[in-house]
Structures are given as structure tokens and as C-alpha cells.
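Here the protein sequences come in this chain order: A and B.
For what it's worth, my numbering labels the leading residue of the first sequence as 1, then goes sequentially.
For what it's worth, my numbering labels the leading residue of the second sequence as 1001, then goes sequentially.
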Amino acid sequence: MRTPLSSVRGRGSAKFGTDDYWVQRLTAAVLVPLSVVLIIFLVRNGAASHATVREALANPICAVLVAAAIIAGVVHMRIGMQVIIEDYVHGQPWSVLAIVLNWFFSALIVLASIWAVAKLSFGM
Amino acid sequence: MSTSKAKAAGGVERPLSPHLQIYAPSWTMVMSIVHRITGAALYFGTILLAYWLISAAVGPKAFATAQWILGSWIGRLVLFGYTWALVHHLIGGIRFLIWDFGRCFDEKPRLMLSKLNIVLSVPLTVLLWIVAYAIK
């Protein structure tokens, strides 16, 4: 008996078997240029004055690229940390707890950072 | 850990698959481990990035405090480590993407790519900091 590839592609028992694997690679590829942008932004603004940072993020291209780098980075790191957890944390309830905390931490970082970038960019 | 696992399996000592301590270290192995460690460091390092951005968003006073903390010698040391982790993980990531396409698996290119990871990441990080100080 043969299983048609179309009916198994991307579907394990949980129906999203390969999503994390795929998104991990996709964000990795996107982060090659985006992390370079982020590094340049930080090198230029790391020791700058408050006004300079505000001015840099008032530029829409700069703000959107920094926000994109943060979002892609957090999505990427959330999956990476889950892989580490799955490798080293065995047995319930710790494995589940660690994965949930990983989600919360990642969500917190992305929400807080994007709020900051948006506020600075909109000049509020 | 092996004994506790054996007990969990009903008190029978079962053979375990070989792990790190069995193998002699190789370039690909060490760079794979460093990739994971730098990844985990970057994970927690996002707290610094988020803090710095939030302090800027809150106002000049909070931003001055953040600049003072991150600009201290210990702050700079942590940031230098963070920069290196990012550069190293970035170059390592490109290596893994190349491997994902099934390229460079022969011994020579495989070793070359792994060595290149550390050979490039250290001087690139130093260069970044020189540039950062130069434009200040």
C-alpha cells in the first residue's frame, strides 16, 4: 500500500508536524540580512543620545526593518529554545511547563520590543 | 541519570545509545555545540535589547540609566559577548542552510565551513566594535 504524498505532506499525528522545522529555516534565511541590519542599527545607536535614537526610528524604513528583525528573531529563537527543551527536559510536568514558559517569554519580548519601536517611531 | 532511567524501565540495566562522552571532539561537533550555546545566549540576551528599546521609549531619563548600565565596563563586556554570539550564530546559521541544501558535506568543505565559523566570527566582532567606537 502506498500513501499519497499529498495527504502526508506537513502532517504528523498532530497535523502540524513540520511547521516548526520549516519556519525555523525560513526565519533563519530572512535573518541573514535582517540581523546585519540590526547590528548596523545597534552599532550606530548603541552609544548615541536619546534624540538620535528617536530620529533613527522615526525613519519608517529603519523602524520597519528593526521591527521585522525582532519579530523574525523571536519566532526563530522560540523554536530553537523548544528544540533545546525537547532535547534536555524529559517527563511531565517540567517539559510542558518549560515549553509554555518559552512561549510566554518569547511573547513578552516581542510585544515589549515592538511597543517600544512603535512608540519611538510614532514620536509619542 | 543512566541508573535512574534504568530503574524507571523496571530496574533492568538497558544499553543506552552512545552520547557525547564516547566521541572524540571534531570541528563539526564543537561548532554545532557552540551554535546551540550561542543560540541560547542570544535568547536571554533579547532581554537587554528589549530593555534598551523600552528605556528609549519611556524617555530620556530612563534611557540615560540604560546607557549608563550598558556603557559600564561589565555592560560593555556582556554586549561584546552578545555581539560575538550573534555574529557566530549568524555565520553558523549560513553553514546549516548550505547543509540543508545538501551541499558541502564532503570532508574538506565540511571541515572548512566549520573552522571558518570561528575564524570569521572573532575578527568580525572585533572589527564591529572598532567601527562602533570610530563613528562615536
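The beta carbon of each residue, even a glycine, is placed where N, CA and C say it ideally should be.
- A residue is called buried when at least 16 other Cβ atoms come within 10 angstroms of its Cβ; B:ALA1066 meets this threshold and is buried.
- A contact is defined here as three or more CB-CB pairs under 8 angstroms, and the region 65-78 of chain A meets this definition with respect to the region 19-28 of chain A.
- For A:LEU31, the nearest beta carbon of chain B is closer than 9 angstroms to its own beta carbon.
- The DSSP-derived three-state label of A:ILE85 is helix.
- Annotation: B:ILE1047 to A:ALA51 spans about 22 angstroms, alpha carbon to alpha carbon.
- In the three-state scheme derived from DSSP, where H, G and I count as helix and E and B as strand, A:PRO93 is classed as coil.
- The three-state reading of DSSP puts A:GLU55 in helix, counting H, G and I together.
- Straight-line measurement puts the Cα of B:HIS1089 at about 14 angstroms from the Cα of B:THR1028.
- Chain-order list of chain A residues neighbouring B:GLY1093: ALA28, LEU31 and VAL32, by C-beta distance under 8 angstroms.
- Listed along chain B is no residue with a C-beta nearer than 8 angstroms to that of A:LEU97; the closest approach is about 17 angstroms.
- Annotation: B:GLU1013 to B:HIS1019 spans about 17 angstroms, alpha carbon to alpha carbon.
- The CB of A:ILE84 comes closer than 7 angstroms to the CB of ARG1036 and ALA1040 in chain B, given here in chain order.
- Note on A:HIS90: under 16 other CB atoms within 10 angstroms of its CB, so exposed under the neighbour-count rule.
- Taking 9 angstroms as the cut-off, the Cβ atoms of A:MET81 and B:GLY1092 do not count as close.
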